[in-house]
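Trainee: Have a look at the structure that comes next, please.
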Amino acid sequence: MNNLSCEVLVLGGGPGGYVAAIRAGQLGLDTILVEKQTVGGTCLNVGCIPSKAMIHVADTFNDAVLASRGKVPGVTSQAPVLDLLNAVEWKDGLVKRLTGGVSTLLKKAGVTVIEGQARMRDGKTCSVAGERESYQIRAKYVVLAPGSVPVELPGLPFGGAVISSTEALALEQLPENLAVVGGGYIGLELGISFAKMGSKVTVVEASDRILPQYDQELSSTVSRSLKKLGIDVMLEHSAVDYDQNAGGLNITSPDGATSLLTADSVLVTVGRKPQLSGWGLSELSLAMDNGFIRIDAQCRTSMTDVFAIGDVTGEPMLAHRAMAQGSIVAELAAGKNRTFDPAAIPAVCFTDPEIVSVGLSPDEASAAGYEITVGKFPLAVNGRAMTLGADGGFVRIVARKDNELVLGIQAAGKDVSEFAAAFTLALEMGARLQDIAATIHAHPTQSEGIQEAAMLALGQGLHI
Ligand code: FAD
Ligand code: NAD
Numbered sequence: 000m001n002n003l004s005c006e007v008l009v010l011g012g013g014p015g016g017y018v019a020a021i022r023a024g025q026l027g028l029d030t031i032l033v034e035k036q037t038v039g040g041t042c043l044n045v046g047c048i049p050s051k052a053m054i055h056v057a058d059t060f061n062d063a064v065l066a067s068r069g070k071v072p073g074v075t076s077q078a079p080v081l082d083l084l085n086a087v088e089w090k091d092g093l094v095k096r097l098t099g100g101v102s103t104l105l106k107k108a109g110v111t112v113i114e115g116q117a118r119m120r121d122g123k124t125c126s127v128a129g130e131r132e133s134y135q136i137r138a139k140y141v142v143l144a145p146g147s148v149p150v151e152l153p154g155l156p157f158g159g160a161v162i163s164s165t166e167a168l169a170l171e172q173l174p175e176n177l178a179v180v181g182g183g184y185i186g187l188e189l190g191i192s193f194a195k196m197g198s199k200v201t202v203v204e205a206s207d208r209i210l211p212q213y214d215q216e217l218s219s220t221v222s223r224s225l226k227k228l229g230i231d232v233m234l235e236h237s238a239v240d241y242d243q244n245a246g247g248l249n250i251t252s253p254d255g256a257t258s259l260l261t262a263d264s265v266l267v268t269v270g271r272k273p274q275l276s277g278w279g280l281s282e283l284s285l286a287m288d289n290g291f292i293r294i295d296a297q298c299r300t301s302m303t304d305v306f307a308i309g310d311v312t313g314e315p316m317l318a319h320r321a322m323a324q325g326s327i328v329a330e331l332a333a334g335k336n337r338t339f340d341p342a343a344i345p346a347v348c349f350t351d352p353e354i355v356s357v358g359l360s361p362d363e364a365s366a367a368g369y370e371i372t373v374g375k376f377p378l379a380v381n382g383r384a385m386t387l388g389a390d391g392g393f394v395r396i397v398a399r400k401d402n403e404l405v406l407g408i409q410a411a412g413k414d415v416s417e418f419a420a421a422f423t424l425a426l427e428m429g430a431r432l433q434d435i436a437a438t439i440h441a442h443p444t445q446s447e448g449i450q451e452a453a454m455l456a457l458g459q460g461l462h463i
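In numbering that gives the first Met the number 0, the protein residues as written are 0 to 463.
In structure tokens:
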């Protein structure tokens, strides 16, 4: 047993934990990070990055298929062949580069990384069972960042044909018929990719629409695209269990009737839940909030000098929220005065089309009691969108009627994920409609749609 002590102990090396550790190290704090798998967490290893890599492969393949069918202006080609093994290998290479990069950054910041399962013994002590050695670590500050795990449905335990996103991102063979249970972020990002690579995809969604976390105007752009891609969507349906012999998923319709949906793979993506086991939660006396660790505006838990960050602390379970919190807790441990109080946390869904939402939607703004003005600019009339072969979409801006303060900005369309920075910056800077309308936006770019939406909200639309 090795006895160690440090100023900051970080449990979990995902985007929350590794950022906290790097920042604490940069600030000169003696820092130890414990990670049981590979630094980078869900995000780099089996989440954000691998999924976007496979989305890129699927898009490239789909474009080639369209070209072979004479549907790409100026390009004809033979029917392409998908090499899934090679795609997964490429994706794994990117993951290795990025996780290796994080290890280097941790080292550069002077952070000690210990590989192994961490278990808190009390609010200051953690034991780690490593492969070769075990440790007892005493720390002044503890940062809990154990992340989240996929929700499993009782009738559909993971294993065999029933897979989570982790297995879906490492398949050696393309499913012929893929049933996706849950039409949220992961189900649609990956479902669309599999459809583009050639699987017959059916989405089984319990709610009455897909992407229920986004407003209908945004989610309906994706619904239309699913239809075009040949993806069937069964709304208000529940998945019951997988019938191995029949090779299908038993599903129940809203009227209670049960039927069999042919599927060689079933991807279950009905949400993620905080990782609450395996790290000694029962040894601590942490106040909880709806199943998550309760934190205040400084990410402090109910225990002195114990912080919690990232997915284990609640929605939105997004990497950029975890990273922002990680940086704040490190600065607090270094004696700086910080709070986690963003004007908005951007949400981006990498579907086809992409959707991005920052701040309040029109309905949310009205429900919050604001009298609003809304400007909505269709990207179908934007020159750059046309040259990209983009198919519709819009930019929508929501502002207070009385003083034109921007409350929210949303968009749907090709590559609009990159708008997230401009939208979030506008809200952080307290932009008014006139600020955006009077800003010169480069031509030809889709971002001219942002300016046009602001001009429309002011009653000064130019290109429509
Ligand atoms: P995690 O990334 O889950 O990291 C927690 C770490 O703690 C893990 O490495 C784990 O091994 C370690 N750990 C747990 N228990 C212990 C223990 N006892 N001892 C030692 N180590 C332990 N978010 C976005 O913002 N954008 C996206 O595009 C996006 N795409 C996603 C796609 C998929 C398929 C998935 C699954 C998720 C996606 N997410 C995305 C969500 C994002 O991955 C998470 O919000 C983010 O990783 C949370 O960071 P975290 O640090 O809280 O936890
Ligand atoms: P999700 O919450 O996005 O979607 C889950 C969907 O499953 C919802 O539409 C819900 O109505 C449906 N559902 C729930 N129970 C069901 C059931 N029994 N049968 C059928 N449908 C059911 O969850 P997810 O797709 O698993 O993603 C998990 C989290 O990971 C997200 O909430 C997000 O925080 C994060 N994520 C983010 C991104 C991104 O930022 N681009 C991408 C992937 C994942």
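Backbone N, C-alpha and C define an ideal beta-carbon position, used for all residues, glycine too. Predicted model only: the values in this text are computed from it and were never measured.
Please give the ranges of any alpha helix (DSSP H) in the stretch 89-175, keeping only runs that are unbroken, at least 4 residues long and fully inside the region.
Mentor: The qualifying runs are 164-167.
Trainee: Suppose the cutoff is 7 Å on Cβ atoms and the five residues either side in sequence are ignored; what does the same chain contact list for Ile21 look like?
Mentor: Only Leu104, Leu105, Ala108 and Val110 meet the Cβ criterion.
Trainee: Within a Cβ cutoff of 6 Å, which residues of the same chain sit near Ser50, ignoring the five residues on either side of it in sequence?
Mentor: Glu188.
Trainee: Flag Phe349 as yes when its Cβ comes closer than 8 Å to any non-hydrogen atom of the ligand NAD, and as no otherwise.
Mentor: The answer is yes for Phe349.
Trainee: For the beta strand (DSSP E) holding Tyr241, just list the boundary residues, first then last.
Mentor: Element bounds for Tyr241: Ser237 to Asp242.
Trainee: Using a Cβ distance threshold of 8 Å, determine whether the stretch 303-312 contacts the stretch 140-159, with at least three qualifying pairs required.
Mentor: Touching, yes.
Trainee: Evaluate contact between the stretch 13-20 and the stretch 325-334, counting only Cβ atoms and requiring at least three cross-stretch pairs below 8 Å.
Mentor: Touching, yes, given that three or more Cβ pairs across the two stretches are closer than 8 Å.
Trainee: Residue range of the beta strand (DSSP E) that Ile464 falls in?
Mentor: Nothing can be reported for residue 464: it is not among the residues displayed for the chain, which extend from 0 to 463.
Trainee: Note down, in chain order, each residue of its chain lying with its Cβ closer than 8 Å to the Cβ of Gln215, except the 5 sequence neighbours on either side.
Mentor: For Gln215, where only same-chain residues beyond five positions count, the Cβ hits under 8 Å are Arg208.
Trainee: Please go through the same chain and pick out, in chain order, the residues whose beta-carbon is closer than 8 Å to the beta-carbon of Ser218, but skip the five residues on each side of it.
Mentor: Answer for Ser218: Arg208, Ile209, Leu210, Pro211 and Ile354, listed in chain order.
Trainee: Beta carbon of Val94: closer than 8 Å to some heavy atom of the ligand NAD?
Mentor: Checking the Cβ of Val94 against the ligand NAD gives no.
Trainee: Tell me the start and end of each unbroken alpha helix (DSSP H) in the stretch 327-384 that is at least 4 residues and wholly inside, in chain order.
Mentor: Within the stretch 327-384, the complete alpha helix (DSSP H) runs of at least 4 residues are 361-366.
Trainee: Using a threshold of 8 Å, is the CB atom of Thr312 nearer than that to any non-hydrogen atom of the ligand NAD?
Mentor: Answer for Thr312: no, Cβ out of range of the ligand NAD.
Trainee: Quick check: does the Cβ of Asn1 come within less than 8 Å of any heavy atom belonging to the ligand FAD?
Mentor: Asn1: no, Cβ never under 8 Å from the ligand FAD.
Trainee: Any idea what DSSP makes of Lys35, helix, strand or coil?
Mentor: If DSSP states are grouped into helix, strand and coil, Lys35 belongs with coil.
Trainee: I'd like to know if the stretch 49-68 and the stretch 335-344 are in contact, where contact means that at least 3 CB-CB pairs between them fall below 8 Å.
Mentor: Because the criterion of three Cβ pairs below 8 Å is not met, the stretch 49-68 and the stretch 335-344 do not touch.
Trainee: Does Lys70 pass the burial test, meaning 16 or more other C-beta atoms within 10 Å, or should it be called exposed?
Mentor: By the 10 Å Cβ count, Lys70 comes out exposed.
Trainee: Spatial neighbours of Ala66 within its chain, please: CB distance less than 6 Å, with the 5 preceding and 5 following residues excluded, ordered by chain position.
Mentor: Contacts found: Val74 and Ser76.
Trainee: So if DSSP puts Asp231 in a beta bridge, which residue, or which two residues, is it bridged to?
Mentor: Asp231 pairs with Thr201.
Trainee: Am I right that Ala169 and Val38 are in contact with their C-beta atoms under 8 Å? What's the rounded C-beta distance?
Mentor: The Cβ separation is near 19 Å, so there is no contact.
Trainee: Just confirm the distance between the C-beta atoms of Arg395 and Ile371, as a whole number of angstroms; I'd bet it's less than 8 Å.
Mentor: Incorrect: roughly 11 Å between the Cβ atoms, too far for contact.
Trainee: Just to confirm, does Leu217 get its C-beta within under 8 Å of one of the non-hydrogen atoms of the ligand NAD?
Mentor: Answer for Leu217: no, Cβ out of range of the ligand NAD.
Trainee: With DSSP collapsed to three states, give me the class of Cys298.
Mentor: In the structure shown, Cys298 sits in coil (DSSP, three-state: anything other than H, G, I, E or B).
Trainee: Gly412: which of Lys226, Ala205, Gly122 and Thr350 sits nearest, CA to CA?
Mentor: Gly412 has its Cα closest to that of Thr350, out of Lys226, Ala205, Gly122 and Thr350.
Trainee: How many angstroms separate the CA atom of Glu34 from the CA atom of Ser164?
Mentor: Going from the Cα of Glu34 to the Cα of Ser164 covers about 21 Å.
Trainee: Kindly identify the DSSP beta-bridge partner or partners of Asn2.
Mentor: Looking at the DSSP assignment, Asn2 forms a beta bridge with Gln135.
Trainee: Using 8 Å as the cut-off, classify the Cβ of Leu378 as near or not near the heavy atoms of the ligand FAD, replying yes or no.
Mentor: The answer is no for Leu378.
Trainee: Tell me the DSSP secondary structure of Ser67 in three-state form.
Mentor: Helix at Ser67.
Trainee: Select from Arg68, Ile113 and Gln445 the residue whose C-alpha is nearest the C-alpha of Phe376.
Mentor: Minimum Cα distance to Phe376 is reached at Gln445.
Trainee: Could you tell me which residues DSSP pairs with Met287 in its beta bridges?
Mentor: Ile292, per the DSSP bridge assignment.
Trainee: Between the alpha carbons of Ser281 and Pro273, how many angstroms are there, rounded?
Mentor: Roughly 15 Å separates the two Cα atoms.
Trainee: Using a Cβ-Cβ cut-off of 9 Å, state whether Ile48 counts as contacting chain C.
Mentor: Absent from the structure is chain C; it holds one protein chain and no more.
Trainee: Taking Thr446 as part of the alpha helix (DSSP H), name the residues at either end of that continuous run.
Mentor: Here residue 446 turns out to be Ser, not Thr, going by the sequence shown. Run containing Ser446: none; DSSP gives neither H nor E here.
Trainee: Return the residue from the list Asp242, Ser237, Ala205 and His440 that minimises the CA-CA distance to Phe418.
Mentor: Here the closest residue by C-alpha is His440.
Trainee: Does the beta carbon of Tyr134 fall short of 8 Å from some heavy atom of the ligand NAD?
Mentor: Because no heavy atom of the ligand NAD lies under 8 Å away, the Cβ of Tyr134 does not count as near it: no.
Trainee: Give a yes or no on contact between the stretch 118-134 and the stretch 250-262, applying the rule of three or more CB pairs nearer than 8 Å.
Mentor: Verdict: no, contact absent.
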